[in-house]
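The sequence shown begins at 1 in the UniProt record's numbering and counts up by one. Just so you know, even glycine gets a beta-carbon here, dropped at the ideal spot from N, CA and C. Computed from a predicted structure; not experimentally measured. Written below as structure tokens is the structure these notes are about.
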Amino acid sequence: MSNFEALSTRVDRYLPAQIEGLRRLVQIPSISSDPARADQMAQSAQTVADMFAELGFNVELCQATAEDGTEGQPAVLAVKSAANPDAPTVLLYAHHDVQPLGEVDRWSYEPLELTEVGDRLYGRGSADDGAGIMVHVGALRALGEDLPVNVVVFIEGEEEIGSPSFTAFLEKYRDRLSADVIVVADSNNWTVDVPALTSSLRGVCSCDVKVEVLEHAVHSGMFGGPILDAVTLASRLIATLHDENGDVAVPGLGGNDRAEVEWQESDFRADASVVDGYQLAGTGDLAARVWTKPALAVIGMDVRPIAESSNTIAPQCTFRLSLRTVPGSDPRQSLSALTEYLQAQAPFGARVSVTPGELGPSYQADLSAPVAEKLRAALGSAWGTTPVAIGVGGSIPFISDFQAAFPGAQVLVTGVEDPQANAHSENESASRKTLRNATLAEALFLESLAE
Numbered sequence: 001m002s003n004f005e006a007l008s009t010r011v012d013r014y015l016p017a018q019i020e021g022l023r024r025l026v027q028i029p030s031i032s033s034d035p036a037r038a039d040q041m042a043q044s045a046q047t048v049a050d051m052f053a054e055l056g057f058n059v060e061l062c063q064a065t066a067e068d069g070t071e072g073q074p075a076v077l078a079v080k081s082a083a084n085p086d087a088p089t090v091l092l093y094a095h096h097d098v099q100p101l102g103e104v105d106r107w108s109y110e111p112l113e114l115t116e117v118g119d120r121l122y123g124r125g126s127a128d129d130g131a132g133i134m135v136h137v138g139a140l141r142a143l144g145e146d147l148p149v150n151v152v153v154f155i156e157g158e159e160e161i162g163s164p165s166f167t168a169f170l171e172k173y174r175d176r177l178s179a180d181v182i183v184v185a186d187s188n189n190w191t192v193d194v195p196a197l198t199s200s201l202r203g204v205c206s207c208d209v210k211v212e213v214l215e216h217a218v219h220s221g222m223f224g225g226p227i228l229d230a231v232t233l234a235s236r237l238i239a240t241l242h243d244e245n246g247d248v249a250v251p252g253l254g255g256n257d258r259a260e261v262e263w264q265e266s267d268f269r270a271d272a273s274v275v276d277g278y279q280l281a282g283t284g285d286l287a288a289r290v291w292t293k294p295a296l297a298v299i300g301m302d303v304r305p306i307a308e309s310s311n312t313i314a315p316q317c318t319f320r321l322s323l324r325t326v327p328g329s330d331p332r333q334s335l336s337a338l339t340e341y342l343q344a345q346a347p348f349g350a351r352v353s354v355t356p357g358e359l360g361p362s363y364q365a366d367l368s369a370p371v372a373e374k375l376r377a378a379l380g381s382a383w384g385t386t387p388v389a390i391g392v393g394g395s396i397p398f399i400s401d402f403q404a405a406f407p408g409a410q411v412l413v414t415g416v417e418d419p420q421a422n423a424h425s426e427n428e429s430a431s432r433k434t435l436r437n438a439t440l441a442e443a444l445f446l447e448s449l450a451e
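As structure tokens, this is what we get:
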């Protein structure tokens with residue numbers, strides 16, 4: 001039996017246990033954004049720690065203090081050495097915190113119970129990033145007691161809130177986290193049947209925009225007409241953010257209209273659940289619009305609820321913008337360009353103020369490196385087809401922190417999700433097939449690094 005066949009057999013043998021481990025994670029609402037979930041965050045971290053302890057790792061629950069003095073969420077740090085003292089060291093990353101459940105009545109299945117339907121495994125955190133954790137567990141279990149490389153496992157607990165203590169954590173535990181290769185299991189595959197290497201990620205920045213027109217609310221009958229309410233003015237300002245084609249109108253943000261991979265519009269519509277009749281916005285290749293061009297979205301707005309409405313003119317309105325920045329750009333410069341644009345577009349001279357929020361750098365991979373070639377080969381063997389290099393429209397800002405802390409390490413982002421995963425949304429799910437193949441690929445990759 002070849003080494004590939006032996007690893008495949010072990011991965012298949014342990015897959016049911018992997019899924020049971022995922023079931024245990026899904027049952028824990030480890031929502032890092034909710035202070036009331038502190039006990040569940042601790043429970044989730046301990047559950048993950050126990051999984052790696054069972055594999056013979058030295059495990060510790062760790063925390064670091066963020067720059068603002070806030071104590072970080074519990075993370076799992078697990079270490080196991082290879083028999084060969086000269087073997088390279090690989091850091092395997094994933095995160096155990098999850099998004100809020102969202103609108104529970106929009107779920108087709110119980111969000112805190114893993115539900116198997118065909119190839120899909122439904123539940124909050126099943127894909128993002130429970131699948132990432134279980135890929136690491138499964139690959140290490142398949143490799144057995146004698147690991148081919150030194151392994152450090154870092155399972156973070158605050159990725160879904162922007163990793164506020166990440167930099168401090170890397171500094172505090174630098175000696176234990178130092179590695180030659182860093183594998184981040186928190187990205188997408190092209191499809192369930194085609195694996196992908198992540199070539200780039202967009203950056204992200206956010207801001208709160210306040211539009212003010214009055215010192216206080218006034219009667220809409222007595223003063224309406226000459227004075228537009230702040231919600232209307234905010235809406236007019238928002239409408240300037242995109243041109244007639246739907247491209248972002250803010251100058252200076254950069255972008256590339258061409259992509260190396262063709263994303264069929266029918267697949268995109270199905271993946272995103274686009275309603276019939278909606279015409280996709282923007283120009284250029286469809287994949288480029290998602291991966292290498294900027295995108296702006298209103299992700300929150302303070303507006304008086306209908307139930308509390310009154311015949312007054314709203315004096316002010318605040319909305320939050322999320323800007324996805326192009327790979328290679330500086331998010332600070334992008335936010336500066338957006339701020340300048342918003343203030344220049346102030347409708348009817350209303351007062352517009354911008355408060356900066358989140359800032360996260362983009363990521364560009366060196367897929368020509370020998371380590372990346374080894375990963376490409378492992379993915380191809382596990383799936384039985386050639387992997388593709390894809391950009392991802394989302395952001396993983398902490399990757400730049402890894403690169404800054406360990407400049408000699410090669411950082412690779414692997415896919416545990418697929419276009420049907422619905423990460424962050426209702427009916428989130430992981431693919432059983434992807435879980436199996438990603439596990440085999442990681443085991444093959446770790447073995448190849450010892451050659």
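Item, Value
"C-alpha gap between residue 204 and residue 326, whole angstroms", "9 Å"
"7 Å CB neighbourhood of residue 107 in its chain, flanking five on each side removed", "426, 427"
"Outcome for residue 396 when other beta-carbon atoms lying within 10 angstroms are tallied against a minimum of 16", "buried"
"Where residue 292 falls, given that 16 or more other Cβ within 10 Å makes a residue buried", "buried"
"Cutoff 6 Å; reference residue 271; Cβ partners in own chain excluding five residues on either side", "419"
"Assigned exposure category for residue 447 - 16 Cβ within 10 Å defines buried", "buried"
"Among 125, 405, 361, 402, nearest to residue 417 - alpha-carbon criterion", "125"
"Rounded Cβ spacing between residue 286 and residue 265 (contact assumed at less than 8 Å)", "6 Å"
"CB contact below 8 Å: residue 440 versus chain D", "Absent from the structure: chain D. Only one protein chain is present."
"Secondary structure, beta strand (DSSP E): runs of 3+ residues fully inside the region 84 to 110", "89 to 95"
"Integer-rounded CB distance, given that residue 184 should sit under 8 Å from residue 413", "5 Å"
"Residues near residue 445 in its chain [Cβ-Cβ closer than 7 Å; skip 5 each side]", "374, 375, 378"
"CA-to-CA distance, residue 435 to residue 195, given in whole angstroms", "11 Å"
"Own chain residues within Cβ distance below 8 Å of residue 70, not counting five before or after", "164, 165"
"Cβ-Cβ distance between residue 23 and residue 29 below 8 Å", "no"
"Enclosing beta strand (DSSP E) for residue 80 [first to last residue]", "75 to 80"
"Environment of residue 51 [buried if 16+ CB atoms lie within 10 Å]", "buried"
"Residue from 288, 211, 351 with nearest C-alpha to residue 247", "288"
"Reference residue 197, options 451, 438, 443, 450, closest by Cα", "438"
"Helix, strand or coil at residue 178 [DSSP, three-state]", "coil"
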